[in-house]
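Note that our numbering gives residue 58 to position 58 of the sequence shown, counting from 1, and the numbers run on in steps of one.
Using N, Cα and C, we set each Cβ at its ideal position, and we do this for glycine too.
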Amino acid sequence: MSLSSQAQNLVVTETQGPVRLIGINRAKKRNCVNHATALQLIDAFDQFESDDSVKVGILHGKGGTFCAGYDLSEVAGGEIVDAETAVSFLQQYRFMGPSIMRFSKPVIAAIDGFRIVHF
Numbered sequence: 001m002s003l004s005s006q007a008q009n010l011v012v013t014e015t016q017g018p019v020r021l022i023g024i025n026r027a028k029k030r031n032c033v034n035h036a037t038a039l040q041l042i043d044a045f046d047q048f049e050s051d052d053s054v055k056v057g058i059l060h061g062k063g064g065t066f067c068a069g070y071d072l073s074e075v076a077g078g079e080i081v082d083a084e085t086a087v088s089f090l091q092q093y094r095f096m097g098p099s100i101m102r103f104s105k106p107v108i109a110a111i112d113g114f115r116i117v118h119f
């Protein structure tokens with residue numbers, strides 16, 4: 001199974017007035033981030049940044065867990081991207097996706113339940 005075939009609805013978004021909710025949607029995996037989730041998070045944050053009607057973003061985890069870190073089962077199972085793709089990706093992002101992106105609007109992390117935090 002390829003990474004892209006697993007990529008449906010790993011991140012969900014909802015707009016409530018000027019607020020964009022961005023939710024990691026892998027509750028059965030305690031919202032750990034794999035490469036496909038990282039790509040969807042980047043896309044969700046790119047859309048957030050480019051939407052002038054949205055004034056603030058809130059990142060949260062679905063199902064009672066914020067984020068349990070990177071999905072090591074992806075690495076252990078050999079489901080990793082090739083070296084060239086990884087290097088290109090890491091030049092602009094990090095394994096978790098948007099963790100080093102810069103935004104012109106505030107982003108709030110609604111942290112609840114299990115989480116891995118890196119500052």
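Only buried fits Glu74, as 16 or more other CB atoms lie within 10 angstroms of its CB. Where Leu59 is concerned, the enclosing beta strand (DSSP E) starts and stops at 56-61. Excluding five sequence positions before and after Asn9, the CB atoms of its chain that fall closer than 7 Å to its own CB belong to Asn25, given in chain order. Here Pro18 is exposed. Its C-beta has fewer than 16 other C-beta atoms within 10 Å. In the structure shown, Leu90 adopts helical secondary structure according to DSSP, grouped into three states. Judged by DSSP secondary structure, Val33 falls outside any alpha helix (DSSP H); it is assigned neither H nor E.
Take Val107, set aside five residues on each side of it, and the residues of its chain with a beta-carbon closer than 6 Å to its own are Gly57, in chain order. Around Asp71, the same chain offers Lys29, Cys32, Val33, Asn34 as residues with beta carbons nearer than 7 Å, after the five sequence neighbours per side are excluded. In the structure shown, Ala109 adopts extended strand secondary structure according to DSSP, grouped into three states. Counted as a single uninterrupted DSSP element, the beta strand (DSSP E) harbouring Leu21 occupies residues 19-24. Taking the CA atoms as reference points, Ser88 sits about 31 Å from Thr15.
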